[in-house]
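There are 2 protein chains.
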Amino acid sequence: MSDISPSRSGGRAARRAARNAPLAQHLRPIRPGLEGGTYKPLSEADMQAIHRAALEALEEIGLADAPPSGVAYLTGAGAILGDDGRIRFPRALVEDTLAMANRQITLCARDPAHDLELGGNRVHFGTAGAAVHMVDAQGRNYRECGVQDLHDAARICDTLDNIHFVQRPMVCRDIPDNQEMDLNTIFACCSGTAKHIGTSFTEPSFVPKALEMLHMIAGGEDKWRERPFMSNSNCFVVPPMKFATESCEVMEAVIEGGMPVLLLSAGMAGATAPSTVAGAIVQAVAECLAGLVYVNAVKPGHPAIFGTWPFGLDLRSGAMTGGSGEQALLTAGCAQMHKFYGVPGGAAAGIADSKLPDMQAGWEQMCSNVMAGLSGCNMIYEAAGMHASLLGFCHESLILGDDLIGQALRCVRGIEVNDETLALDQMREVCLGGPGHYLGTEQTLSRMEQDHVYPALGDRSSPKEWDELGKPDLIEKATARKDQILGQRSAASFDPMLEKALRKAFPIHLPVQ
Amino acid sequence: MSDISPSRSGGRAARRAARNAPLAQHLRPIRPGLEGGTYKPLSEADMQAIHRAALEALEEIGLADAPPSGVAYLTGAGAILGDDGRIRFPRALVEDTLAMANRQITLCARDPAHDLELGGNRVHFGTAGAAVHMVDAQGRNYRECGVQDLHDAARICDTLDNIHFVQRPMVCRDIPDNQEMDLNTIFACCSGTAKHIGTSFTEPSFVPKALEMLHMIAGGEDKWRERPFMSNSNCFVVPPMKFATESCEVMEAVIEGGMPVLLLSAGMAGATAPSTVAGAIVQAVAECLAGLVYVNAVKPGHPAIFGTWPFGLDLRSGAMTGGSGEQALLTAGCAQMHKFYGVPGGAAAGIADSKLPDMQAGWEQMCSNVMAGLSGCNMIYEAAGMHASLLGFCHESLILGDDLIGQALRCVRGIEVNDETLALDQMREVCLGGPGHYLGTEQTLSRMEQDHVYPALGDRSSPKEWDELGKPDLIEKATARKDQILGQRSAASFDPMLEKALRKAFPIHLPVQ
Numbered sequence: 001m002s003d004i005s006p007s008r009s010g011g012r013a014a015r016r017a018a019r020n021a022p023l024a025q026h027l028r029p030i031r032p033g034l035e036g037g038t039y040k041p042l043s044e045a046d047m048q049a050i051h052r053a054a055l056e057a058l059e060e061i062g063l064a065d066a067p068p069s070g071v072a073y074l075t076g077a078g079a080i081l082g083d084d085g086r087i088r089f090p091r092a093l094v095e096d097t098l099a100m101a102n103r104q105i106t107l108c109a110r111d112p113a114h115d116l117e118l119g120g121n122r123v124h125f126g127t128a129g130a131a132v133h134m135v136d137a138q139g140r141n142y143r144e145c146g147v148q149d150l151h152d153a154a155r156i157c158d159t160l161d162n163i164h165f166v167q168r169p170m171v172c173r174d175i176p177d178n179q180e181m182d183l184n185t186i187f188a189c190c191s192g193t194a195k196h197i198g199t200s201f202t203e204p205s206f207v208p209k210a211l212e213m214l215h216m217i218a219g220g221e222d223k224w225r226e227r228p229f230m231s232n233s234n235c236f237v238v239p240p241m242k243f244a245t246e247s248c249e250v251m252e253a254v255i256e257g258g259m260p261v262l263l264l265s266a267g268m269a270g271a272t273a274p275s276t277v278a279g280a281i282v283q284a285v286a287e288c289l290a291g292l293v294y295v296n297a298v299k300p301g302h303p304a305i306f307g308t309w310p311f312g313l314d315l316r317s318g319a320m321t322g323g324s325g326e327q328a329l330l331t332a333g334c335a336q337m338h339k340f341y342g343v344p345g346g347a348a349a350g351i352a353d354s355k356l357p358d359m360q361a362g363w364e365q366m367c368s369n370v371m372a373g374l375s376g377c378n379m380i381y382e383a384a385g386m387h388a389s390l391l392g393f394c395h396e397s398l399i400l401g402d403d404l405i406g407q408a409l410r411c412v413r414g415i416e417v418n419d420e421t422l423a424l425d426q427m428r429e430v431c432l433g434g435p436g437h438y439l440g441t442e443q444t445l446s447r448m449e450q451d452h453v454y455p456a457l458g459d460r461s462s463p464k465e466w467d468e469l470g471k472p473d474l475i476e477k478a479t480a481r482k483d484q485i486l487g488q489r490s491a492a493s494f495d496p497m498l499e500k501a502l503r504k505a506f507p508i509h510l511p512v513q
Numbered sequence: 001m002s003d004i005s006p007s008r009s010g011g012r013a014a015r016r017a018a019r020n021a022p023l024a025q026h027l028r029p030i031r032p033g034l035e036g037g038t039y040k041p042l043s044e045a046d047m048q049a050i051h052r053a054a055l056e057a058l059e060e061i062g063l064a065d066a067p068p069s070g071v072a073y074l075t076g077a078g079a080i081l082g083d084d085g086r087i088r089f090p091r092a093l094v095e096d097t098l099a100m101a102n103r104q105i106t107l108c109a110r111d112p113a114h115d116l117e118l119g120g121n122r123v124h125f126g127t128a129g130a131a132v133h134m135v136d137a138q139g140r141n142y143r144e145c146g147v148q149d150l151h152d153a154a155r156i157c158d159t160l161d162n163i164h165f166v167q168r169p170m171v172c173r174d175i176p177d178n179q180e181m182d183l184n185t186i187f188a189c190c191s192g193t194a195k196h197i198g199t200s201f202t203e204p205s206f207v208p209k210a211l212e213m214l215h216m217i218a219g220g221e222d223k224w225r226e227r228p229f230m231s232n233s234n235c236f237v238v239p240p241m242k243f244a245t246e247s248c249e250v251m252e253a254v255i256e257g258g259m260p261v262l263l264l265s266a267g268m269a270g271a272t273a274p275s276t277v278a279g280a281i282v283q284a285v286a287e288c289l290a291g292l293v294y295v296n297a298v299k300p301g302h303p304a305i306f307g308t309w310p311f312g313l314d315l316r317s318g319a320m321t322g323g324s325g326e327q328a329l330l331t332a333g334c335a336q337m338h339k340f341y342g343v344p345g346g347a348a349a350g351i352a353d354s355k356l357p358d359m360q361a362g363w364e365q366m367c368s369n370v371m372a373g374l375s376g377c378n379m380i381y382e383a384a385g386m387h388a389s390l391l392g393f394c395h396e397s398l399i400l401g402d403d404l405i406g407q408a409l410r411c412v413r414g415i416e417v418n419d420e421t422l423a424l425d426q427m428r429e430v431c432l433g434g435p436g437h438y439l440g441t442e443q444t445l446s447r448m449e450q451d452h453v454y455p456a457l458g459d460r461s462s463p464k465e466w467d468e469l470g471k472p473d474l475i476e477k478a479t480a481r482k483d484q485i486l487g488q489r490s491a492a493s494f495d496p497m498l499e500k501a502l503r504k505a506f507p508i509h510l511p512v513q
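Residue numbers (full-length UniProt numbering), protein chains in the order written: chain Z, 1 to 513; chain X, 1 to 513.
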């Protein structure tokens, strides 16, 4: 590299220019909806065995505790109510449901640029959960979380490229009234991000008021129904194999209101689900198939996400654990079953058991996130910010999670093999009388932005540079970024007139920002 | 759980007993040699295309700079020396080589319990590298590393279940004479661990003296040749497509000495290899095929590991980077090519760009480690302890890496699907008139040790417990574990008579421990 000629500097200038030009979305190295599916933990025979076991479970065990309305919907569709109060599902009913279920769902966002097309192996990462603590990463402290924390999380997510949707990751512990909490959750999320949001209603009676708010935000009920930008996470079962009566009623109400639903089955392997990975998947699949029958009995083709979310358990303590290899397998195996049925699906990944954004959190979050992505999971929930096995949410970790998921998405994008990428011509040119290296080749320059994901906060400096930079601390950098994001006005803020109207119509707790 | 009956406590006692009994090796949830292969980043057509491109590169471009002895071996085997000094490889020669190459290699260890059987999708994790710095995790500092650091690393590795081999991860910067460094590297590693070790000789003339030492450690040349417990890492190419003249001569010498060789091609994608993942794999494959021809020309069937180790480059700075998604893809794609050829192979994973064992290091190390494992890579080198893009080695990180790799190995083990794990009977029992949960079932209890990997240092406490425990810091725990390990006499220490004899025969720098 000692023979720098004018043409070489020309190359440098071109490289600098290339570096600064913004890339068109389709040329970016990563984006929402990249196709996974190269990782297949289950063989075809394994999937068939899981499917058969799930069908048997539905036919022979069935589910207890459906609400009266649900019993009517399900028996009307062909399910059988037993003397023991359990509803059993003939195989043909499940098959008919799968035939009529919605296989291509668009999850709309307030900003259509953030719409998500679910289906196939298309991968999206986002937040979710019901954390009750806010993690103070600098102070190494846990405290109760509130509506301002939730709003801040939404605002941060709005700025992070690799967080594709914002299901509320924590509950507003500072709002004791549950209906007010539900309404404020919507307000805090929607006023923070224009991406698709998700929530979970406490009671069916809270849904009408919430829909009023959503209609106002959308600019009218017709506009809402045209592009519903919020989905509802329905914990419609209490595993093993019981409907969650009240949540089923919520589900009926939100379907009526035009809201996509996430059919969430959150068994704990070893407690509320079998301890084996395969067994926990069987039960989650059976429960979600029952849910799918339910949804399609209420409204054929209504958008529903097949939410097999089995969680791991530390059998020594009986406490939940989400950072294990078992968890990553549970999630990836479930994602493969979504493809088996050809329905849009989601599962949980990225959960850290660690209390803080430390090395353990990094390996835990990456393990399940990258495996969920490679398995082609459509909706990867709880992917960033979650600590203490879902009890704590951390803004700094959320920001670092964007970097982490960026690398996971690069893996999802995979290896492109074609004449250009095989690079045989380039190899010939470089080796036979060429410069003997690829640093300056057109091909290297032209691909340096579209092939490579560069970390935003991750550090790649040499030890010497790092020392000269004052040994930057990762958490401090994330805190600085958080302060910067929250110090600016959010691009997703409501129009002031709308905000005023909402504050007048509803008991909004979030202070005017 | 309020109705604790005598039989329930009996169950508890049984559980406690089960927990304390050591599991037979074959029942342990994870072990060396688990079968990967469920992750396939390349399609069959992709692999064929890479193979064809590699053959073309070998036929048309060939490799320059073979030593005279290598020219003789290679042309003797059927390669063609061109007027330009490059050696080109006819397709038939490569195919003949693949037919005669050793496909099932045993890497012996001083303790036969640690022998590694390479082949198929069997996965092993270990250290490697040539770090020049020791990372002081507590002091956030980098300093030059020396022979004591290397010995300590070997001793730590000897105690870690998920570190299956110990290729020297750092160079002894405190030994200026290269021959003395090579001899002391062997001594420091071998006296620290009874696992398979690896090194890399600086010059061919150093090999005879080193073999003398190895013969002494083995108890005679015949014993060494029967069970060679050390392999040599040969950086036999200077990518792109040039033999490393001196390293080739080292390779000839170690083959003669009965030592397994790692054919290491370490191109940097974008500098010494094409910038595309596919192109870097093509070149690494071509170079390693050339190496395989070389080895089999010297000694047909000699144990050789197909060491496609392409590294990533940060094209913005031109510096190496090992913590990226691109790196994980490079490694996993290479591992798949090893299966394509059916030869034992190895590649690099687990490299952190981060300077410290922080959250970034955690996600970087997990990403490539778990993907390499899932792809069925036989030898995953540099899997633990490596920071600053290979420039720094950290003992605390090595210890934490054991936890990290444990979870990765659990993922490699995968999902077992059979009647027992599908758990339909259990589901029936629990749901239909049973307890409604799986906590106390025989199946849950019986599998809690053999299905689950529990972290050694990773924290799974609740926020409340964590607070009561004084908010333990991950790095402090790792430092305490390091001090504990190094405070005890190593189980792998040499017999005192042998140690005395070695110290008499060779200029040993390591102080008597």
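Positions of the beta carbon are idealized from the N, C-alpha and C atoms, including for glycine.
1. For the alpha helix (DSSP H) containing residue 549(X), name the first residue and the last one.
2. Rounded to whole angstroms, what is the Cα-Cα separation between Pro-176(Z) and Val-71(Z)?
3. Mind checking whether His-151(Z) and Arg-143(Z) have CB atoms under 8 Å apart?
4. Counting only Cβ-Cβ distances shorter than 7 Å, please list the residues of the segment 340 to 362 of chain Z near chain X, keeping chain order.
5. Any residues in the segment 106 to 138 of chain Z with a beta carbon nearer than 8 Å to a beta carbon of chain X? Which ones, in chain order?
6. Is the segment 490 to 509 of chain X touching the segment 435 to 447 of chain X in the sense that three or more CB pairs, one from each, lie closer than 8 Å?
7. Do His-196(Z) and Leu-264(Z) have their beta-carbon atoms positioned less than 8 Å apart in this structure?
8. From Glu-226(Z) to Cys-377(Z), what distance separates their C-alpha atoms?
9. Alpha carbon to alpha carbon, how far is Ala-194(Z) from Ala-505(Z)? Give it in angstroms, no decimals.
10. Quick check: the Cα distance between Val-238(Z) and Met-251(Z), rounded to an integer number of angstroms?
11. Would you identify the three-state DSSP class for Phe-201(Z), choosing helix, strand or coil?
12. Can you tell me whether Val-166(X) is helix, strand or coil according to DSSP?
13. For Trp-466(Z), return the contacting residues in chain X, with the cut-off set at a CB-CB distance below 7 Å.
14. Tell me whether Val-285(X) sits in a helix, a strand or coil according to DSSP, three-state version.
15. For Pro-6(X), which residues of its own chain have a beta-carbon under 8 Å away from its beta-carbon, when the five flanking residues on both sides are left out?
16. May I ask you to list, following chain order, the residues of the segment 267 to 292 of chain Z that have a beta carbon less than 7 Å from some beta carbon of chain X?
17. Just reading off the beta strand (DSSP E) that Asp-136(X) is part of, what are its end residues?
18. Does DSSP classify Gly-487(Z) as helix, strand or coil?
19. Between Arg-428(Z), Pro-41(Z) and Leu-424(Z), which has its C-alpha nearest Gly-37(X)'s C-alpha?
20. Starting from Asn-232(X), trace the beta strand (DSSP E) in both directions and tell me its first and last residue.
21. What do you get for Gly-385(X), buried or exposed, if any count of 16 or more other CB atoms within 10 angstroms of its CB means buried?
22. Within 8 Å (strictly less), CB to CB, does Ala-49(Z) reach chain X?
23. With respect to the alpha helix (DSSP H) encompassing His-26(X), which residues constitute its N-terminal and C-terminal limits?
24. Using only CA atoms, which one of Pro-435(Z), Glu-468(Z) and Thr-421(Z) lies nearest to residue 514(Z)?
25. Taking the beta carbon of Gln-450(X) as the centre, do at least 16 other beta carbons fall within 10 Å, making it buried, or is it exposed?
26. Can you have a look at Glu-416(X) and say buried or exposed, based on whether 16 or more other CB atoms are within 10 angstroms of its CB?
27. Anything in chain X within Cβ reach of Gln-365(Z), meaning under 7 Å, just list it in chain order.
28. With a cut-off of 8 Å, does the C-beta of Cys-431(Z) fall near any C-beta of chain X?
29. Restricting to Cα atoms, I'd like to know which of Lys-464(X), His-395(X), Glu-287(X) and His-387(X) is closest to residue 520(X).
30. Helix, strand or coil for Ala-373(X)? Go by DSSP, reduced to three states.
31. What residues from the segment 438 to 454 of chain X come within 7 Å of chain Z, judged by C-beta to C-beta, listed N to C?
32. Along chain Z, in chain order, which residues have C-beta atoms closer than 9 Å to that of Lys-471(X)?
33. Compare the C-beta of Thr-321(Z) against all C-beta atoms of chain X and say whether one is closer than 8 Å.
34. Rounding to the nearest angstrom, what Cα-Cα distance links Ile-305(Z) and Pro-260(Z) in this structure?
35. Just list the alpha helix (DSSP H) runs in the segment 67 to 141 of chain X, keeping only unbroken ones of 4 residues or longer that don't cross its boundaries, in chain order.
In short, the structure shows the following:
1. Any question about residue 549(X) goes unanswered here, given that chain X covers just 1 to 513.
2. 33 Å
3. Cβ distance not < 8 Å, so His-151(Z) and Arg-143(Z) don't count as in contact.
4. Asp-353, Ser-354, Lys-355, Pro-357, Asp-358, Met-359, Gln-360, Ala-361 and Gly-362
5. His-133
6. no
7. no
8. 26 Å
9. 21 Å
10. Approximately 14 Å between the Cα atoms of the pair.
11. coil
12. strand
13. Lys-355
14. helix
15. Low confidence applies to Pro-6(X): its pLDDT is 38, below 50, so where it sits in the model is not reliable, and the reading given next is rough at best. So no residue of the chain qualifies.
16. Gly-270, Ala-271, Thr-272, Ala-273, Pro-274, Ser-275, Thr-276, Val-277, Ala-278, Gly-279, Val-282 and Gln-283
17. 133 to 136 is the span of the beta strand (DSSP E), which, as asked, contains Asp-136(X).
18. Secondary structure at Gly-487(Z): helix, using DSSP grouped into helix, strand and coil.
19. Pro-41(Z)
20. 230 to 234
21. buried
22. yes
23. That residue, His-26(X), is in no alpha helix (DSSP H); it is neither H nor E in DSSP.
24. Residue 514(Z) lies beyond the residue range present for chain Z, which begins at 1 and ends at 513; the question has no answer from this structure.
25. exposed
26. exposed
27. Trp-363
28. Yes, its Cβ sits closer than 8 Å to a Cβ of chain X.
29. The structure shown does not extend to residue 520(X), since chain X is modelled only from 1 through 513, so no value can be given for it.
30. Contrary to the premise, residue 373(X) reads as Gly rather than Ala in this sequence. Three-state result, Gly-373(X): helix.
31. Tyr-438, Leu-439, Gln-443, Thr-444, Arg-447, Met-448, Asp-451, His-452, Val-453 and Tyr-454
32. Arg-140, Asn-141, Lys-355 and Leu-356
33. yes
34. Straight-line spacing of the CA atoms in Ile-305(Z) and Pro-260(Z) works out to 8 Å.
35. 68 to 77 and 91 to 100
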